[in-house]
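Enquirer: Residue numbers (my numbering): 261 to 434. The beta-carbon is built from N, C-alpha and C at its ideal position, and this holds for glycine as well.
This is the structure we're talking about:
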């Protein structure tokens, strides 16, 4: 199918907008919560995490995970299982789950992200696609595993990479 999106507008010095660059393929960014999907796949496929695994998510308070401050955007939950964590998009849950399983094995985390092809371009180099997922070389620094809900570590990725991951899942890996 066709990709229809407006991803090339940027602010001008005068405060307006103009076509600047195709940000979807031309600029690595921190993926935000959209990357939780990769974390879910990692926990279920690589770590064989049970769906009934619970963590105390702090009821909306700041929680330290591996020395890093993490917080959910909403209160109302203490102990939470995997399904609830997905439904609530719990930063704390995913930070704790990843930290527990990968703090001492950062290469395994990086290898799984590469298995998802997040370190490869999608074939749009002729249109300006930049290098894909960056920061996985040599593994990530463990102290950053819990920095975000999706455990982005110190890497960045192109929006097209995340879109491609979602598309592959929606279309049975194709």
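(1) Is the separation between the beta-carbon of residue 268 and that of residue 282 shorter than 7 Å?
(2) Am I right that residue 424 and residue 382 are in contact with their C-beta atoms under 8 Å? What's the rounded C-beta distance?
(3) Between the Cα of residue 373 and the Cα atoms of 352, 298, 360, 339, which residue gives the shortest distance?
(4) Alpha carbons only, please: which of 416, 388, 431, 332 is nearest the one belonging to residue 285?
(5) Assign residue 291 to one of two classes, buried (16 or more other C-beta atoms within 10 Å of its C-beta) or exposed (fewer than that).
(6) Just reading off the beta strand (DSSP E) that residue 322 is part of, what are its end residues?
(7) Between which two residues does the beta strand (DSSP E) holding residue 330 run?
Expert: Here's the rundown:
(1) yes
(2) About 5 Å separates the Cβ atoms of residue 424 and residue 382, confirming a contact at the 8 Å cut-off.
(3) The shortest Cα separation from residue 373 among 352, 298, 360, 339 belongs to 298.
(4) 388
(5) buried
(6) Residue 322 -> no beta strand (DSSP E), and no H or E assigned at all.
(7) 328–330
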